[in-house]
């Protein structure tokens, strides 16, 4: 008998934004392992090329029957965001001929968290553009470029700070809360296409390499101590949540928490 569960994504077209590192790369890797054809996007072509090379090295046999294409799209370019997204969706679907089945956005930039006394509208817009405004703008293209079915999905990346604020993180909490509200609203406006969110906790990605070893270990200890499991998340752990949200055709307007039980502490 043919596999009933593990081939649910076989031959489906999956667009992943922010796929060149961290959680986004793990989602791309897991999707490809599940048989999907990928379109991956980031703001840097060199990073996209390296990502394809990594995937090809890990899955040489799959490259014989599955495809990975790349397209540069700068989500931080507010002035050209609508045009950039339209070009991305045109490319990802061959001009609308081959519609997408799933979209995942894990894209993020360096989050500047000014002190409350130093908060400005520009700082707020800067923090929201890639994480909130860009996904909201993507939604307008879904009716034209995504298969109109509950088998299709659009998955956002939020964060646990929306439910567990921390001192100095008011803006991040607001963004995370806004992402959740946006996803619930779009689950109605885009139905039957499903819209959901993944909330990562502390996850060790390539970004941690910028810290000196002694500082890094101190940070990881804080993250471990703040979790119930006593661990720090791995990108491949988080990828499971995104894969689930693509595969379960009965889940929409929902949130997956992956934080080691940090909300319980």
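Numbering (the numbering used here), first residue to last: 27 to 291.
Quick reminder that beta carbons are idealized off the backbone N, C-alpha and C, glycines included.
Quick caveat, the model's predicted, so the values are computed rather than measured.
Check: Under DSSP, the alpha helix (DSSP H) around residue 147 begins and ends at which residues?; Outcome: 147-154
Check: Can you tell me which of the three DSSP states residue 276 falls into?; Outcome: coil
Check: So, is residue 24 buried or exposed, given that buried needs 16 or more other C-beta atoms within 10 angstroms?; Outcome: As displayed, the chain neither begins before 27 nor continues past 291, which places residue 24 out of reach and without an answer.
Check: Along the alpha helix (DSSP H) that carries residue 248, what are the first and last residues, could you check?; Outcome: 239-251
Check: Give the C-beta separation of residue 300 and residue 132 to the nearest angstrom, bearing in mind that I take them to be a contact with Cβ-Cβ under 8 Å.; Outcome: Outside the displayed span of the chain (27 to 291) sits residue 300, for which this structure offers no information.
Check: Name the two residues that bound the continuous beta strand (DSSP E) containing residue 283.; Outcome: 281-284
Check: Look up residue 182 in the DSSP assignment and give the residues it is bridged to.; Outcome: 223
Check: If you draw a straight line from the C-alpha of residue 222 to the C-alpha of residue 180, how long is it?; Outcome: 7 Å
Check: Is it right to say residue 146 is buried, meaning 16 or more other beta carbons lie within 10 angstroms of its own, or is it exposed?; Outcome: exposed
Check: Only counting the same chain, and skipping five residues up and downstream in sequence, which positions put a Cβ closer than 8 Å to that of residue 285?; Outcome: 186, 225, 226, 227, 228, 253, 259
Check: Let me make sure I understand the geometry here. Which of 177, 57, 100 has the alpha-carbon closest to that of residue 70?; Outcome: 100
Check: Using the Cα positions of residue 175 and residue 219, report the straight-line distance between them to the nearest angstrom.; Outcome: 5 Å
Check: Any idea if residue 214 is buried or exposed, counting beta-carbon neighbours within 10 angstroms, 16 or more meaning buried?; Outcome: exposed
Check: With a floor of 3 residues, list each beta strand (DSSP E) that falls wholly inside the region 64-116, ordered by position along the chain.; Outcome: 94-98
Check: Using alpha carbons as the reference points, say which of 98, 81, 97, 96 lies closest to residue 90.; Outcome: 81
Check: Can you grab the Cα-Cα spacing for the pair residue 292 / residue 242, in whole Å?; Outcome: The shown model of the chain, from 27 to 291, leaves out residue 292, and the question about it has no answer.
Check: Reducing DSSP to helix, strand and coil, say where residue 142 ends up.; Outcome: helix
Check: Tell me which residue opens and which closes the beta strand (DSSP E) that residue 39 is part of.; Outcome: 39-43
Check: By Cβ distance, which residues of its chain are closer than 7 Å to residue 287, with the 5 residues on each side in sequence left out?; Outcome: 253, 254, 255
Check: By the DSSP assignment, the alpha helix (DSSP H) with residue 159 in it spans what residues?; Outcome: First-last for residue 159: undefined, no H or E at that position.
Check: Would you kindly check if the distance between the Cβ of residue 157 and the Cβ of residue 205 is under 8 Å?; Outcome: yes
Check: Can you check DSSP and say which residues form a bridge with residue 267?; Outcome: None; residue 267 has no bridge partner.
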